[in-house]
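Peer 1: Last residue of the sequence shown: 241 (the numbering used here), numbering continuous. All residues carry an ideal CB built from backbone N, CA and C; glycine is no exception. Quick one: this structure, given as structure tokens, is what I'll be asking you about.
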Amino acid sequence: MTSSASTAQYIARLTDFRQMDIQSALDQMKTILSTRPHVVYKTAYYRKQTKNHWARDDPAFAALEFIFLTVSCIAYAISFRVPVTEGIAFWLYSVLFNWLGLGFIIATVGREMANRHLTDHKSTSHVRQSVEWLYAFDIHCNAFFPVFVLLYGVQFFLLPLVLGKSLFSLVVSNTLYAAGFAWYWYITHLGYRALPFLSQTEVFLFPVAAIALVFVLNLVGYPFGLGWNASRIMAHIYFD
Numbered sequence: 002m003t004s005s006a007s008t009a010q011y012i013a014r015l016t017d018f019r020q021m022d023i024q025s026a027l028d029q030m031k032t033i034l035s036t037r038p039h040v041v042y043k044t045a046y047y048r049k050q051t052k053n054h055w056a057r058d059d060p061a062f063a064a065l066e067f068i069f070l071t072v073s074c075i076a077y078a079i080s081f082r083v084p085v086t087e088g089i090a091f092w093l094y095s096v097l098f099n100w101l102g103l104g105f106i107i108a109t110v111g112r113e114m115a116n117r118h119l120t121d122h123k124s125t126s127h128v129r130q131s132v133e134w135l136y137a138f139d140i141h142c143n144a145f146f147p148v149f150v151l152l153y154g155v156q157f158f159l160l161p162l163v164l165g166k167s168l169f170s171l172v173v174s175n176t177l178y179a180a181g182f183a184w185y186w187y188i189t190h191l192g193y194r195a196l197p198f199l200s201q202t203e204v205f206l207f208p209v210a211a212i213a214l215v216f217v218l219n220l221v222g223y224p225f226g227l228g229w230n231a232s233r234i235m236a237h238i239y240f241d
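Here it is, written out as structure tokens:
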């Protein structure tokens, strides 16, 4: 099956909820949050052996993320008591930009970088393999789920704390964001590492160093008025 045909089939299945394996998607989400998140990519290997493609042909995982995001956006809009129009704007920004838009960009850039620079030309396979775009988007969806859990789920229940002005509030808030973003890139790394024809996939872990640096600089800068609370910044952007 060609990449375009696979993508078309994937999109078509989004219109029929009955064709989706919801339980399997939920099990994969639990696996991603476990101590063995790499296991979720074993199913990609089995798909390659049986269907000759790495990417999911079942959009249930992405559909559930969409639903979870929508529900959380409603909860945030109610919590901050914003008008309906602002609530819709927050939903559009969260879904179309944070999840779908950035996912499209990261998947495209990651796929191109992997195919151009990380392909192992010493592979014993006679057929040159490449990363499918839909698989790269699968990786994004997998990696986004921990971000959703921490920044849309856990943070919601900690809003009275993380929106405070104390050092403790700053530490808790920035820890959530640092952990979420670092987790994103770790799951991304695992996704590309699972492909046997790629090498040096550790490059996808480089952003983690930048995240750690920003986290430390925020702590060091706090006594000098240079510490930024990520939750307060996001609340200002979305709801002020």
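(1) Is there at least one Cβ from chain D nearer than 7 Å to Leu227's Cβ?
(2) Is Ala144 near Thr109, with beta carbons less than 7 Å apart?
(3) Using three-state DSSP, classify Thr86 as helix, strand or coil.
(4) From what residue to what residue does the alpha helix (DSSP H) around Phe18 run?
(5) Work out the CA separation of Tyr11 and Tyr136 for me, nearest whole Å.
(6) Using a Cβ-Cβ cut-off of 7 Å (strictly less than) and excluding sequence neighbours within five positions of Leu199, which residues of its own chain qualify?
(7) I'd like the list of long-range same chain contacts for Ala63, defined as Cβ closer than 7 Å, with 5 residues on each side in sequence excluded.
(8) Determine, using beta carbons only, whether Phe182 and Ile140 come nearer to each other than 7 Å.
(9) Once you ignore the five residues that flank Leu27 on each side, which residues in its own chain have a CB closer than 8 Å to its CB?
(10) Mind listing, in chain order, the continuous alpha helix (DSSP H) runs of no fewer than 4 residues lying wholly within the region 56-117?
(11) Would you decide whether Val132 is buried or exposed? Buried here means 16 or more other CB atoms lie within 10 Å of its CB.
(12) Give me the residue from Leu103, Gln130, Asp58, Phe149 with the minimum Cα distance to Pro279.
(13) Output the distance between the C-alpha atoms of Ile89 and Phe98, rounded to the nearest integer angstrom.
(14) In whole angstroms, what separates the C-alpha of Leu70 from that of Ala179?
(15) May I ask you to report which of helix, strand or coil DSSP gives Thr51?
(16) Output needed for Leu15: all residues of its chain with C-beta closer than 7 Å, excluding positions within five of it in sequence on either side, in chain order.
(17) My guess is that Ala236 and Leu164 are in contact by the Cβ rule of under 8 Å, so how many angstroms apart are they, rounded?
(18) Buried or exposed for Asn53, please, with buried defined as at least 16 other CB atoms from any protein chain shown within 10 angstroms of its CB.
(19) Within the continuous alpha helix (DSSP H) that includes Gly222, where are the two ends?
(20) Taking Gly192 as part of the alpha helix (DSSP H), name the residues at either end of that continuous run.
(21) Judging by CA-CA distance, which residue of Trp100, Leu168, Tyr94 is the nearest neighbour of Leu220?
(22) Identify the continuous alpha helix (DSSP H) that holds Trp229 and give its terminal residues.
(23) Going by Cα to Cα distance, which pick from Tyr185, Gln156, Phe158 is closest to Leu103?
Peer 2: Working from what's here:
(1) Any reference to chain D falls outside this structure, which holds one protein chain only.
(2) no
(3) helix
(4) Careful: Phe18 lies outside any alpha helix (DSSP H) and carries neither H nor E.
(5) 11 Å
(6) Ala115, Leu119, Thr120, Asp121, Tyr193
(7) Cys142
(8) no
(9) Leu65
(10) 61-80, 85-93, 103-114
(11) buried
(12) Summary: the structure shown does not reach residue 279, with the chain confined to residues 2 through 241, and so no result is reported for it.
(13) 13 Å
(14) 20 Å
(15) helix
(16) Pro60, Ala64
(17) 6 Å
(18) exposed
(19) 207-222
(20) 168-194
(21) Leu168
(22) Trp229 -> no alpha helix (DSSP H), and no H or E assigned at all.
(23) Tyr185
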